[in-house]
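Following our numbering, the numbering of the sequence shown begins with 135 at its first residue and continues without gaps. Below: the structure, in structure tokens.
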Amino acid sequence: MANTETALKEATTAIEGAVGAALVDYTSGMALGTIGGGKDLDLNVAAAGNTDVVRAKVRTMELLGMQDEIEDILITLGTQYHLIRLLKGRNHSGLFLYLALDKQRANLAMARHQLKRIEADLEV
135 MANTETALKE
145 ATTAIEGAVG
155 AALVDYTSGM
165 ALGTIGGGKD
175 LDLNVAAAGN
185 TDVVRAKVRT
195 MELLGMQDEI
205 EDILITLGTQ
215 YHLIRLLKGR
225 NHSGLFLYLA
235 LDKQRANLAM
245 ARHQLKRIEA
255 DLEV
């Protein structure tokens, strides 16, 4: 089992093209941990903004009466992928992993696979 710091460090070192990562509580919009980012990617701002994305999608699914779960949400920019993975399990309710990737260096399928593995090992 990995703690937040270990999981985020693994996400940015083991996932090719990772620019930054955060563990976010989408009930409050607060980042519980961040790594990477930089002057062009403030992960605390990204955490708050992507909380709105997650809340909107969850609400839309409720309005549609969809009885399904969100695995991840992908936002494709010109130079980056932003991957949001909602965490499952009793200790992970209301949390998501956020990963920003350099589009030129990242393999999106592998990043999704590795983020799922990191989620499985995460103990919050």
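Backbone N, C-alpha and C define an ideal beta-carbon position, used for all residues, glycine too.
key: For VAL158: DSSP bridge partner residues   = ALA165 and PHE230.
task = Indicate whether the contact test is met: 3 or more Cβ pairs, each with one atom in the segment 246 to 254 and one in the segment 169 to 183, closer than 8 Å.
result = Contact between the segment 246 to 254 and the segment 169 to 183 is not established, with fewer than three Cβ pairs separated by less than 8 Å.
ask   = Based on Cα-Cα distance, which residue from ASP176, ARG239 and GLY199 lies nearest to ALA155?
value = Just measuring C-alpha positions, the residue of ASP176, ARG239 and GLY199 sitting nearest ALA155 is ASP176.
query = Between LEU216 and ALA234, is the Cβ-Cβ spacing less than 7 Å?
reply = The question names Leu, but residue 216 is His in the sequence shown. Yes, these two residues count as a Cβ contact at 7 Å.
ask   = Just curious, the alpha helix (DSSP H) that LEU175 is in, first and last residue?
value = Premise fails: LEU175 is in no alpha helix (DSSP H) and is neither H nor E.
From ALA243, GLU257 and LEU231, residue whose alpha carbon lies closest to that of ALA180 = Taking the Cα of ALA180 as reference, the smallest distance to any Cα among ALA243, GLU257 and LEU231 is reached at LEU231.
task = Could you please give me the residues that DSSP links to HIS216 through a beta bridge?
result = ILE209 and ALA234, per the DSSP bridge assignment.
query = What are the start and end residues of the alpha helix (DSSP H) that includes LEU249?
reply = Counted as a single uninterrupted DSSP element, the alpha helix (DSSP H) harbouring LEU249 occupies residues 242 to 255.
request  = Name the one or two DSSP bridge partners that ALA136 has.
outcome  = Paired residue(s): LEU256.
query = Between the C-alpha atoms of ALA182 and LEU229, what's the straight-line distance to the nearest angstrom?
reply = Cα to Cα, the separation comes out at about 12 Å.
ask   = In whole angstroms, what separates the C-alpha of LEU220 from that of ALA136?
value = Computed Cα separation, rounded: 17 Å.
task = Check the DSSP bridge columns for ALA152 and list the partner residues they point to.
result = Per DSSP, the beta-bridge partners of ALA152 are LEU235.
request  = Pull up the DSSP beta-bridge partners for GLY170, would you.
outcome  = Paired residues: GLY154.
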